[in-house]
Every structure is written in structure tokens, then in C-alpha cells.
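Below: one structure, written as C-alpha cells.
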Amino acid sequence: MDTSVFRLDGVTKRYGDLVALDNATLEAGANEYISFLGPSGSGKTTLLRVIAGFEAPESGRVYFNGKDITNLPAHERGIGFVFQNFALFPHLTVIQNVGFGLTHGKSGLSAAEIERRSLEMIELVGLSGMEGRGVDQISGGQRQRVALARTLTMHPKVVLLDEPLGALDANLRSRMRNELRAIRERLGVTFVHVTGSETEALAMGDRIVVLDRGRIIQVGTPDEVYGAPASPEVAHFLNRFNLFDGTLSGGTFNGVFGAVPSPQAIPSDRSVYAVRYDRMQVLPVSAKVSGPSFRARFVASEYLGSSMMNFFEAEDGHVIEMEHHLSLGAAQEFEPRQDYLLTWNPDQAIVFGREASR
Amino acid sequence: MTSQTTIQKRQATTTRWLLLPGIIWMSLFLVVPILMIVYVSFWTQTTFNISPDPTLASWKQFFSSDTYTGSLWTTIRIWLIVLACTFIVGYPTALFVGLFVKSQTLSTVLLVICVIPFWTSFLIRVLAWRPMLGKEGAINIVLMKLGIIQQPIEVLLFTELSVIIGMTQIYCVFMVGPIAFMLSRIDRNIIEAARDLGAGFGRIFWKIIFPLSLPGVVVGAIFVSVMVLGEFATSGALSGRKVNLLGNIIVTQVGSLKWAMASVVGVILTVVMGIVIAGFLRIVDLKREL
Numbered sequence: 003m004d005t006s007v008f009r010l011d012g013v014t015k016r017y018g019d020l021v022a023l024d025n026a027t028l029e030a031g032a033n034e035y036i037s038f039l040g041p042s043g044s045g046k047t048t049l050l051r052v053i054a055g056f057e058a059p060e061s062g063r064v065y066f067n068g069k070d071i072t073n074l075p076a077h078e079r080g081i082g083f084v085f086q087n088f089a090l091f092p093h094l095t096v097i098q099n100v101g102f103g104l105t106h107g108k109s110g111l112s113a114a115e116i117e118r119r120s121l122e123m124i125e126l127v128g129l130s131g132m133e134g135r136g137v138d139q140i141s142g143g144q145r146q147r148v149a150l151a152r153t154l155t156m157h158p159k160v161v162l163l164d165e166p167l168g169a170l171d172a173n174l175r176s177r178m179r180n181e182l183r184a185i186r187e188r189l190g191v192t193f194v195h196v197t198g199s200e201t202e203a204l205a206m207g208d209r210i211v212v213l214d215r216g217r218i219i220q221v222g223t224p225d226e227v228y229g230a231p232a233s234p235e236v237a238h239f240l241n242r243f244n245l246f247d248g249t250l251s252g253g254t255f256n257g258v259f260g261a262v263p264s265p266q267a268i269p270s271d272r273s274v275y276a277v278r279y280d281r282m283q284v285l286p287v288s289a290k291v292s293g294p295s296f297r298a299r300f301v302a303s304e305y306l307g308s309s310m311m312n313f314f315e316a317e318d319g320h321v322i323e324m325e326h327h328l329s330l331g332a333a334q335e336f337e338p339r340q341d342y343l344l345t346w347n348p349d350q351a352i353v354f355g356r357e358a359s360r
Numbered sequence: 007m008t009s010q011t012t013i014q015k016r017q018a019t020t021t022r023w024l025l026l027p028g029i030i031w032m033s034l035f036l037v038v039p040i041l042m043i044v045y046v047s048f049w050t051q052t053t054f055n056i057s058p059d060p061t062l063a064s065w066k067q068f069f070s071s072d073t074y075t076g077s078l079w080t081t082i083r084i085w086l087i088v089l090a091c092t093f094i095v096g097y098p099t100a101l102f103v104g105l106f107v108k109s110q111t112l113s114t115v116l117l118v119i120c121v122i123p124f125w126t127s128f129l130i131r132v133l134a135w136r137p138m139l140g141k142e143g144a145i146n147i148v149l150m151k152l153g154i155i156q157q158p159i160e161v162l163l164f165t166e167l168s169v170i171i172g173m174t175q176i177y178c179v180f181m182v183g184p185i186a187f188m189l190s191r192i193d194r195n196i197i198e199a200a201r202d203l204g205a206g207f208g209r210i211f212w213k214i215i216f217p218l219s220l221p222g223v224v225v226g227a228i229f230v231s232v233m234v235l236g237e238f239a240t241s242g243a244l245s246g247r248k249v250n251l252l253g254n255i256i257v258t259q260v261g262s263l264k265w266a267m268a269s270v271v272g273v274i275l276t277v278v279m280g281i282v283i284a285g286f287l288r289i290v291d292l293k294r295e296l
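Line order of the protein sequences matches chains R and Z.
Under my numbering, the first residue of the first sequence is numbered 3, with each subsequent residue one higher.
Under my numbering, the first residue of the second sequence is numbered 7, with each subsequent residue one higher.
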């Protein structure tokens, strides 16, 4: 890729016996929004800190603008970092925080120029008029913007954000999502955003990098990752699929729901059958179905405004989720503790298995 | 509306009852004694007797005598020197214990080590300096054995220097504790953020670490000041009676039953302390910080 901003080449990092990063290789383009998605302990924050230069990898190289920066200290990399808890300087005002890097770094700018640039950045993040406030006199969302502006005044080519929305309440989180994207687009820099929330990753990333136990297990656009998860783990993190264990042999998947012809399977060490929550159908036990089906007991439902989540318990105790979009009509009523027949169109399922016939 | 007022009334009653023990205690053992001292300082003192006839004699005597005013200046000078020394020795120690030591356990252990001298009595701690600093004391012996000096250094003991050394050692930990506490509360990400923004260690220290530790410095300085200003034992034991602080004057005056003069010195000492504490509290808003 010509427009590559940074590249990771076989980066490995251990903490004692724990492998935090295992041979991570990744390329990021200019002017891109990348999300790192993974559960806690997957190494996503470690990866971010390696890129930032706060942690040194045991092996592998980090390249930035074509230069090897593996041994370069954090502040000489030209990479900005926004901390999870914002890490604002609590005794300074908004403008002093934003201008800190220019004032105390090696910028060599005049005080007037620093003030002009700081104010420009404060305006960009929408905090005009607040520059004189102390950072303990502003709200969480405003602090987030100060942290972002403080990093952006240094004109970094890449901004790394460590769970930037984690400390905000739900309402603010969805507003800041749009804000972050808009700010990024205006500046044309690459943002790398670490998150444990699959909705955040899907909503914000131009590309999603999925991590599990220190390994990068899938890289792709939200559409690709959501539509075609590369492994059962990815499907699991997306939190949108019912996963069934079973065996795959001779183009047939054997699971609790019987044998289903599965001519196409994604290569994987585990044989797993995945059906999206909103692809599940619920029928009375007496109904005749041609496709795969199995009995499960209705447990509870959850009203989510635009959709209804129904929870069923299979005979082996496995919880099956079924999502009904209310725009498609009123929700079905289910009797608690009653058995129902769950089924789906096998063409819409995703099958993982050792036997990859794709 | 009515239920709310009853709740408020009940809360007010509870508050009053909770305040009562403190008020009684502070009145009996702080406010009344201070008023008493102020009152006694205006009593008439004769050689063997004291009578409550109001007079300014003791006050005039204090301010017209070089011995008394001199001890006021000595007290202030020693206080400032000891304060500076405890800060110079204490701040780097606190910086190490509170910020550079990453392990919580280790920093607690180090703080406990700082406090170990306090496991013995105050007088022993003071007197232990005599065999250290004396003409034939440990320091002189070591320096002579090493051939650094030929003659023992005599200014080490029974001088203002020995008083300053002794006080700095004894009170240093009161400076270290609060500063180390404030430093340990600094979010490490803040320092990392400052470094990421290109600030060098010096800038990070003066612009981030020091300002954030300032409340600890102020609390430590108040501790040290209050104790040093009221000192008499260290100066008595280590100066050979050559350094007379206001505290020493009070002790001798009380010893010879000169209650009026002792009261005058007591009032002056209290006023000085009040000014010093008020001054320190102007530097930071402690209520906001703690």
C-alpha cells in the first residue's frame, strides 16, 4: 500500500509467561479510521501502547511513514495518544492543557502563535468559550474533547485512542462517536480506536481489527467482519450470533439441530455453526419444518425500543437469542417456560470447520 | 413541605449533639487556656509573687530586652533553616518513595523505615546525636581515621549547627509523609501524556509534578513549622544552652515561676504560629485538594 502510515511487522510482546501480543502484523493507511476490537486481555491496548512507544516489543518492528521507529521514544514518533481516563493536567485550564505540548515541547513557537493554534483546536472540538475553565469544572464529554484537542495541537499523523468513550455515559457516547469521526475527517489524519464494544467498532471503523489472546484474527471493513466473520471467535465477539458446536464432515454439519448440508465452510480449528440473532425463527412445537430445527424453552424477553430480544434455553442449557425487529411487525408473544421450535434458513448460516471446501 | 421541615429540624438537632463533645473539649482545653495565657500576660509579677493587677510591664520588658527579642529572631531563623533543610532532604526522598517506586508494597515499606526512629522516645532520639557529633564522636572518629581531617571538628556539637542537624533529622519525616502521599496520588498517565507531548523531565517536574505535590509540601511545612517553632528540647540538649528559642525561654520562666513573662512569650509564639499557618494556607486551597 502506497499510502501506508504505519506498519507492524511480526510484533510480539510478553509479560512474563503471558503472551500479550503474538506476531502481530498490520498495515494502516493514511486518512483512515481503524478500530481494534477484542475482549479485555486480548492485547488491543498493548498493541496501541507498542505503536505509541510506551511499550517496547520483544521482537518485530514498527514502521511509521516508512521509517523504522521501533526504538524511538514515544514523543519523537509524531503519534498522538488519547488516554482512556483522558489524563488531563488537573491543575491547568483548558487552554493550558491544549497548549501544553506546544509550550513545553520543542515547538519553538511564540506564545501568541501557541495561543492562536490552541484556540483554533479548541474551536475545532467545539469548546469555544471554555478555554479559561479549569478541567475539573467541565463535564466528562468536554474533558474528552480537551484530551483530543491536546493531542491534535501537536499535528500528529496518527492519533491513538484508548477506549476513548469508555468513561462517558451512553447518551454522550453515541454523540461523541459522530464527533470523533467528523473531527477525523476534517483533519485527514488516521485514528486508531481501541474498544471492547462491538457496536462501537462497527459504527466507527473504516476498518476493524479483531484481536483475541494477542493475535490479530481478522482485519476488514465493518461489513466484511459482520457479514463474514473469519472465525468462531470473531463471531462470538460480535455478539450477534448464536453459536452451536458440532462436527463437520462430508459437507454436512451435525449439531443439536440434526444434520444440515453445509457445502461451504470457513476454515477453522473448531467446527461451529453460527446463526445471526435476527435470522432465528420461532414456531410452535407442532409446526412442520423442512430445515434445521430444535426445541428450546422460552425464558424471557427484553424490549430494546426498535427491536425485541427473546431468550430461549436449549435442552443442554445453552442460551439462544432471537432478535425481532419491530419495524417488521409486532413481536410474537411467547408463554414463559413453554417449549418452542427454533429454526432458520440454512443458507443464511455461517459454518466454520476444519474441512474447508471454499 | 411540613415533613421536609421536620426532617431538617431533626437533622439540625443531630448536628448540634454531634458537635457538642468537640465544642466542650476545644473550649476547655484550647480556648480557655489561650484566653488565660493572654490574661496572665498582663498580670503584675514581683519576684516571688504574682497578682492579677493589669500591667504592661512584662510586655515592655520583653520588647526592651535584647535577650528576649534576640530569641524571637533566633527562633525564626532556626525555623526557616530547618524548614528549608527538611524540604531539601525530604522532597527528593518523597519523590523516590511516592513516585519512582512503582510497587505499592515497597513504597509502604520505605515509609515505615522513615518512621522507625519514632519507635524510641523523643529525648533518646535527640540525645543520640551527642555521641555522633561530639568532639570524640562517631563522625569525627571516622573522618580522622579516613585521614580527611587532622583535628576533630568542634563546631559539630553544642552549636546552632547541631541543633539544626538534630531538628532536620527529627522532623524530616513529617515533610516526607504528606509529599509522598500527594505524589503517589498523581495519575501516572498524566506524566506519560506530558512526555508524549514532548515535555522533558525538567518541564514535567516543574509544570506537572511539583504543582500537584504542592498541597503535600504545604501540609508538611505546617507540621514542621508548628513543631520547630514550639521546640525547646532539641535546642536544650544539643546547643549546650547557647541557642535559646522562645520555647526555652518559656521553660526557664516557668521554672522560676515567672508566669507573666512565660505568658507573654507564649502569646507571641502563638501569634507567630498563627501567621505562619495562615501564610501557608494561602498558597493552596487544602479543602479542594484533600
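Each residue gets a CB set at the ideal place from its N, CA and C atoms; glycine is no exception.
Asked	Found
Counting only C-beta atoms, is Phe91/R closer than 8 Å to chain Z at any point?	yes
Apart from the five residues on each side of it in sequence, which residues of its chain come closer than 8 Å, Cβ to Cβ, to Gly128/R?	Arg147 and Glu181
Compute the beta-carbon to beta-carbon distance between Val196/R and Glu165/R, rounded to the nearest angstrom, for a pair I have assumed lies under 8 Å.	6 Å
Enumerate in chain order the residues of its own chain whose CB-to-CB distance from Met3/R is below 7 Å, with the five nearest sequence positions on each side excluded.	Residue placement at Met3/R is poorly supported in this model, since its pLDDT is 43, which falls under 50; the coordinates still yield a value, given next. For Met3/R, where only same-chain residues beyond five positions count, the Cβ hits under 7 Å are Glu29 and Gly31.
Using a cut-off of 7 Å between C-beta atoms, extract the partners of Ala76/R located in chain Z.	Arg201 and Asp202
Can you name the start and end residues of the alpha helix (DSSP H) that Tyr97/Z belongs to?	Asp72 to Leu101
Within the same chain, show all residues whose beta-carbon is closer than 8 Å to that of Arg209/Z, passing over the 5 residues directly before and after it, in chain order.	Ala200
For Ile155/Z and Leu149/Z, I'd like the C-alpha separation in whole angstroms.	6 Å
Mind pulling the beta strand (DSSP E) runs of 3 or more residues that sit fully within the segment 227–302 of chain R?	243–247, 249–251, 254–257, 260–263, 274–278 and 283–285
Leaving out five residues on either side along the sequence, give the residues of the same chain with a beta carbon under 6 Å from the beta carbon of Ser57/Z.	Thr50
Considering just the uninterrupted stretch of the alpha helix (DSSP H) at Lys151/Z, what are its terminal residues?	Ala144 to Lys151
Grab the span of the alpha helix (DSSP H) containing Met138/Z for me, first residue to last.	Trp135 to Leu139
Using the C-alpha atoms, what's the distance from Phe180/Z back to Ala54/R?	40 Å
Cutting at 7 Å between CB atoms, please list the residues of its own chain near Leu129/Z, excluding the five before and the five after it.	Ala239
Can we say the segment 134–143 of chain R touches the segment 169–184 of chain R, given the rule of at least three CB pairs closer than 8 Å?	yes
Output yes if chain Z places a C-beta closer than 8 Å to the C-beta of Gly103/R; else output no.	yes
If you compare alpha carbons, which of Tyr45/Z, Lys108/Z, Trp65/Z and Ile196/Z is closest to Asn87/R?	Ile196/Z
Starting from the beta carbon of Pro217/Z, find every residue of chain R whose beta carbon is closer than 7 Å, and list them in chain order.	His93
Who are the Cβ neighbours of Arg186/R in its own chain at under 7 Å, not counting the five residues just before and after it?	Tyr35 and Phe193
Using 8 Å for Cβ pairs, my map puts Val221/R next to Arg209/R. What's the rounded Cβ distance?	6 Å
Cβ of Ser113/Z within 8 Å of Cβ of Ser190/Z?	yes
What is the rounded straight-line gap between the Cα of Ser199/R and the Cα of Pro231/R?	16 Å
Three or more C-beta pairs under 8 Å: does that hold for the segment 76–86 of chain Z against the segment 223–235 of chain Z?	yes
Give the DSSP bridge partners of Glu325/R, in chain order.	Met311/R
Taking the Cβ atom as the reference point for each residue, do Gly101/R and Ile81/R lie within a distance shorter than 8 Å?	no
Entirely within the segment 201–259 of chain Z and at least 4 residues each: give me those alpha helix (DSSP H) ranges in chain order.	207–210, 216–235 and 239–244
Below 8 Å CB to CB, which residues in the same chain sit around Val321/R once its five sequence neighbours on both sides are set aside?	Val301, Phe313, Phe314 and Glu315
Is Val212/R near the ligand COA, in the sense that its beta carbon is under 7 Å from a heavy atom of that ligand?	This structure simply doesn't include the ligand COA, nor any ligand for that matter.
Please list, in chain order, the chain Z residues whose beta carbon lies closer than 9 Å to that of Gly136/R.	Those do not exist, as Gly136/R stays about 10 Å from chain Z at its closest Cβ, beyond 9 Å.
Could you tell me if Trp346/R is buried or exposed, where buried requires 16 or more neighbouring beta carbons within 10 angstroms of its beta carbon?	buried
Could you check what DSSP says for Val278/Z in three-state terms: helix, strand or coil?	helix
What in chain Z is Cβ-close to Met156/R, meaning under 8 Å?	Leu203 and Gly204
Looking only at its chain, what residues have a beta carbon closer than 6 Å to the beta carbon of Asp70/R, apart from the 5 residues adjacent to it on each side?	Arg63
Whose CA, out of Lys46/R, Val7/R and Ser42/R, lies closest to the CA of Val13/R?	Lys46/R
Determine which residues of the segment 105–138 of chain R have a Cβ less than 8 Å from any Cβ of chain Z, and write them out in chain order.	His106, Gly107, Lys108 and Ser109
Determine which residues share a DSSP beta bridge with Ile36/R and list them.	Val194/R and Arg209/R
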